[in-house]
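Accompanying notes for the structure given below.
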Amino acid sequence: MPARMYVPFALLLGVASTGIALAQDGPKDFSTSTRDLPSFVAAPVIGGGSSSTGGATPTVSFLGAFSSIGADAHIGLGGIGFDVATPLTRRINIRLGGDFFRYTDTFVEDQANVTASLKLGSGHASVDWFPFNNSFRISPMINFVNNNRVRATVLVPAGTTITLSGSDYVSSATDPLHGSGSVDFRRTSPGLTIGFGNIIAHTPKHLSFPVELGFYYVGQPTLKIAFSGSACDPSVPASIGCESVTDDPDFQQSLNEFRARNNNNLSYASFFPVLTVGVGYRFSLF
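According to mature numbering (1 follows the signal peptide of the UniProt record, and there is no 0), the residues represented by the sequence shown are -23 to -1, 1 to 263, in order.
Okay, here's the thing in structure tokens:
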């Protein structure tokens, strides 16, 4: 049975069992007796309590919304990041954070000199819901100020042949081909994560070790690509077969086909994964 259906049935069962016990045993003190209720609806222990074996059950009383602050540092697929959270209720926190990562590399691909850079940077706002009053959480989120992007520049050495959409072009000796490309994502995206660990833990421990897994939906990424310089037709002499690519309709048609095909291939990147592990600390405000 789904958890959202189980809770009301369990409450009814607890109330019914309490009523039966009252009918059999006579009046009870409702201010102290909770043994007939399910454990997850029993009165909370404030500041500690005793178990049936006499051992202490350490807890921290919930002092109200914004009564404490938790902060964490984490590492994951989006790079390094941080979060700051505060409680709204005993089972709900609000959390703000960000992640950052940059990488640049230069390499040779099919005789062309390529410089590529990956930049990840975004902020997020999450509502952490702890449905079972333990460390497990479900967190709807909004990813905002999304600066995730890929950039690349390419220089095609003179005399090098490139192929676009099945057509060959030779980079001019006097005006070599060079191009640029980028992949961009939309700035605001919804997401959903699950995780373990509450950086505002309701225990005397201040440290926590949160783990989070999920995704956010970035929509269809957009590939932009452009070339400049001159390309030559390999089937004719270079002295008469070279032309600026901005004025060459055949080159532009091949480039448009290449761009459209690869934009379609980027549909798989509509969901960006979230996976982080970190360490958090709780600060009490009052």
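Glycine included, every Cβ here is placed at the ideal spot set by N, Cα and C. Computed from a predicted model, the values in this text were never measured in an experiment.
Buried or exposed by the 16-neighbour rule on C-beta atoms within 10 Å, applied to LEU54
exposed
For ASN123, which of helix, strand or coil comes out of DSSP?
coil
In angstroms, rounded to a whole number, what distance separates the CA positions of THR81 and ARG68?
The straight-line gap from Cα to Cα measures roughly 42 angstroms.
Can you pull the DSSP bridge partners for THR140?
ASP145
Using the three-state DSSP reduction, which class does PRO21 fall into: helix, strand or coil?
Note that PRO21 scores 39 on pLDDT, short of 50, meaning its location in the model is unreliable; the coordinates nonetheless yield the value given after this. Looking at PRO21 - three-state DSSP - the assignment turns out to be coil, as it is neither helix nor strand.
Sort out for me which residues DSSP pairs LEU169 with in a bridge.
PRO117 and PHE192
Does the beta-carbon of PRO181 have 16 or more other beta-carbons within 10 angstroms, so that it is buried, or is it exposed?
By the Cβ neighbour-count rule, PRO181 is exposed, with fewer than 16 other Cβ atoms within 10 Å of its own.
Which same chain residues, not among the five before or five after PHE84, have their C-beta less than 6 angstroms away from its C-beta?
Residues of the same chain with a CB within less than 6 angstroms of the CB of PHE84, apart from the 5 flanking positions on each side, are VAL91 in chain order.
Around the C-beta of TYR245, are 16 or more other C-beta atoms found within 10 angstroms, so that it is buried, or is it exposed?
exposed
Counting only runs of 3+ residues fully inside the stretch 175 to 220, write out the beta strand (DSSP E) ranges in chain order.
If we require 3 residues or more, the beta strand (DSSP E) runs fully inside the stretch 175 to 220 come out as 188 to 194, 199 to 205 and 207 to 209.
Who are the near neighbours of SER112 in its chain, counting only those whose CB is closer than 6 angstroms to its CB and skipping five residues on each side?
Around SER112, the same chain offers PHE173, GLY174 and ASN175 as residues with beta carbons nearer than 6 angstroms, after the five sequence neighbours per side are excluded.
Could you work out which residue in GLN88, ARG79 and PHE192 is closest to ALA135 when comparing CA atoms only?
GLN88
Same chain only: Cβ atoms within 6 angstroms of PHE235, ignoring 5 sequence neighbours per side
LEU141 and SER142
Quick check: the Cα distance between VAL133 and LYS96, rounded to an integer number of angstroms?
24 angstroms
Could you tell me the boundaries of the beta strand (DSSP E) in which ASP82 lies?
69 to 86
Three-state secondary structure (DSSP) at SER103?
In the three-state reduction of the DSSP assignment, SER103 falls in the strand class, which pools E and B.
Using the C-alpha atoms, what's the distance from PHE77 back to GLY257?
18 angstroms
For VAL42, I'd like the list of residues in its chain whose CB is within less than 8 angstroms of its CB, leaving aside the five on either flank, ordered along the chain.
A small correction: the amino acid at residue 42 is Ala; Val does not occupy that position in the sequence shown. Correct list, in chain order: THR63, PRO64, LEU65 and THR66.
Rounded separation between SER99 and ASN120 - CA only
Here the alpha carbons of ASN120 and SER99 stand approximately 7 angstroms from one another.
Are ALA192 and PHE107 touching if we call contact CB-CB under 7 angstroms?
Checking the sequence shown, residue 192 turns out to be Phe, not Ala. No, they are not a contact pair.
List the residues that DSSP assigns as beta-bridge partners of SER159.
Per the DSSP secondary-structure output, SER159 pairs in a beta bridge with ARG128 and LYS201.
Roughly how far, in whole angstroms, is the beta-carbon of HIS179 from the beta-carbon of PHE39, given that I think they are within contact range, below 8 angstroms?
In this structure, HIS179 and PHE39 form a Cβ contact; the two beta carbons are roughly 7 angstroms apart against a cut-off of 8 angstroms.
Going straight from the alpha carbon of SER94 to that of ASP161, what length do you get?
12 angstroms
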